[in-house]
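The structure appears right after this line, and notes come after that.
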Amino acid sequence: MDTFQPAFSSWLNAPAHQRWLADEGLRLLAFAKASKLPDGFGNLDEHGHLPADARAETMNTARMTHSFAMAHIQGLPGFAELVDHGIQALSGPLRDAKHGGWFATTRPDEDGADKAAYLHAFVALAASSAVVAQRPGAPALLDEAVRIIDTHFWSEEEGALRESFSRDWSVEEAYRGANSNMHATEAFLALADATDDPRWLARALHIVERVIHGHAAANDYLVVEHFDRHWQPLREYNQDNPADGFRPYGTTPGHGFEWARLLLHLEAARVQIGMLTPGWLAQDAQKLFDQNCRHGWDVDGAPGIVYTLDWDNRAVVRHRLHWVHAEAAAAASALLKRTDEAKYEAWYRRFWEFCDKHFIDRCNGSWHHELDPQNRPSADIWPGKPDLYHAWQAVLIPRLPLAPSMATALAKLSSPAPV
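Going from the sequence shown to my numbering is simple: count from 1 and add 40.
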């Protein structure tokens, strides 16, 4: 950010905007504290309360641990205990002590005991951030997360993660997913910094080469989400369940924005340590952003980004999800810093204006997680307000460099300047 000096006035350099982002982050964090349960973190309702039947989930516990670790690193009091609580939950009740790995919830017999790559990527991310935050128990959790990824999920032959396994790892799902590999890319960037091991950046590049530079590029830079185990696209996957929260039918513009940002982080991380870095990373990031703006924004008579598109780029699920817009704003800020192009400034402002008007809930706290096609709050796909991670990162990313990864970047900002 110190070298970001565009030829035009940018919100990224405006002190008032930086304060606004910081203040919004504090508001989000205060709301999320109520998600604490005895054995992890649960899903808050729209008023910020835990329902009577709330249970700890690995996804939210890992995301909250990661988010609270970044708050602690910044020097915000009141979050160390929450990071420690997350480490304890991920090291205990959410972990499979017999076979290794992590369940989706603390009740695997009721909720399913399969081991999903998506969840394990978030455990690795949480452990990485907790290590950077120097919290007790974090190194052991990180070591275990790395062991499980290396032993079960990473395929050197495929250059990507396998998707999921049965409880004892004996049965593998005949599916490959872009979503789990996207979050693996995010986790690998953090692992590279937390472990000082460049193999994670090599693995991240392998994933990006396959999912984005291969399949997405061949699909006009709209991300193909679903594949068989041989990485052949499954274009009709979940056609009968198009609004699935994790594996929706068709393409998902929000993931296009998220991938665009991750490509720029990967480029910056590799350049920072002198690794050979292909020029197409930045080019693909720009194409992803441009195409998903073109096909996802304001395409059905109302502003906002639709959740999904069909293979003719027509809106399928027209709801607007908060995480999609958080990722769009974050991607615009990353591209703005990378290119100094004024069009990304315009998109950055447009996305934040939309979030401010429609998503930010100043009455009940946090953000509405979902809007209907008329931009009214709804809960058809994502009820309640369980997610801190996306909005919190959206207010952090514009204030940080593209590399290193977020927790490490925050730690460097908090460290004394060299004499």
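Virtual Cβ for every residue (Gly too), placed ideally from N, Cα, C.
PRO343 sits in coil when the DSSP states are folded into three classes, being neither helix nor strand. Contiguous alpha helix (DSSP H) elements confined to the stretch 230-255 occur at 239-250, taking only those with 4 or more residues. Spatial neighbours of ARG243 in its own chain (CB-CB distance under 6 Å, excluding positions within 5 residues in sequence) are listed in chain order as PHE228. Relative to the Cα of ASP149, the nearest Cα in the group ARG275, ASP136, ALA161 and SER406 belongs to ASP136. In the structure shown, ILE400 falls within a strand segment according to DSSP collapsed to helix, strand and coil. Its chain contains HIS305, ALA308, ALA309 and GLN312 as the residues whose beta carbon lies nearer than 7 Å to that of ALA443, once the 5 sequence neighbours on both sides are disregarded; these appear in chain order.
Listed in chain order, the beta strand (DSSP E) elements of length 3 or more contained wholly in the stretch 306-383 amount to none. The beta carbon of HIS430 sits closer than 8 Å to those of HIS362, TRP363, ALA366 and GLU367, all from its chain and outside the five residues before and after it, given in chain order. ARG147: not part of any alpha helix (DSSP H); DSSP gives it neither H nor E.
Taking a contact to require three or more Cβ pairs closer than 8 Å, the stretch 183-199 and the stretch 245-253 qualify as touching. Counting of Cβ neighbours within 10 angstroms places ALA164 among the buried residues, the total reaching 16 or more. Apart from sequence neighbours up to five positions away, the residues of its chain that approach ASN353 with a beta-carbon distance below 6 Å are HIS335, ordered along the chain. Bridge partners of LYS155 according to DSSP: PHE205. With contacts defined as CB atoms closer than 9 Å, ARG378 and ALA322 qualify as a contacting pair.
Within the model, the alpha-carbon separation for GLU64 versus GLN58 is close to 10 Å. Take THR448, set aside five residues on each side of it, and the residues of its chain with a beta-carbon closer than 8 Å to its own are VAL172, ALA230, ASP233 and ALA234, in chain order. Under the criterion of beta carbons closer than 8 Å, HIS359 and PRO413 qualify as touching, at roughly 7 Å.
If you draw a 10 Å sphere on the C-beta of PHE286, you find fewer than 16 other C-beta atoms in it, and that means exposed.
Annotation: LYS425 to TRP392 spans about 19 Å, alpha carbon to alpha carbon.
Annotation for LYS73: no alpha helix (DSSP H) segment contains it, and DSSP assigns it neither H nor E. With distances taken between CA atoms, TRP407 lies nearest to GLY88 out of GLY88, ALA56 and THR43.
The C-alpha of PRO282 is placed about 33 Å away from the C-alpha of MET446. Proximity of the stretch 78-86 to the stretch 111-120 falls short of the contact definition, fewer than three beta-carbon pairs being nearer than 8 Å. Excluding its 5 nearest sequence neighbours in each direction, ALA129 has C-beta neighbours in its own chain below 7 Å: ASP79, GLY80, ALA96 and THR101, listed in chain order. By a beta-carbon distance limit of 8 Å, SER107 contacts LEU428. Their separation comes to about 5 Å.
For the pair ILE345 and ALA370, the Cα-to-Cα distance works out to about 14 Å.
When secondary structure is reduced to three states using DSSP, LEU411 falls in the strand class.
Annotation for PRO179: VAL171 place their beta carbon closer than 8 Å to its own, counting only its chain and skipping 5 residues before and after.
CA-to-CA, the gap between TYR384 and LEU375 works out to about 7 Å.
CA-to-CA, the gap between ALA185 and ARG389 works out to about 38 Å. Excluding the 5 residues flanking it on each side, GLN331 has same chain C-beta neighbours closer than 8 Å at ASP260, TYR261, LEU262 and GLY296, in chain order. About 5 Å separates the Cβ atoms of ALA157 and GLU203, confirming a contact at the 8 Å cut-off.
A residue is called buried when at least 16 other Cβ atoms come within 10 angstroms of its Cβ; SER206 does not meet this threshold and is exposed. Going by beta carbons, THR348 and VAL357 fall inside the 9 Å limit.
Collapsing the DSSP output to three states places PRO282 in coil. The beta-bridge partner set that DSSP reports for PHE81 consists of LYS76.
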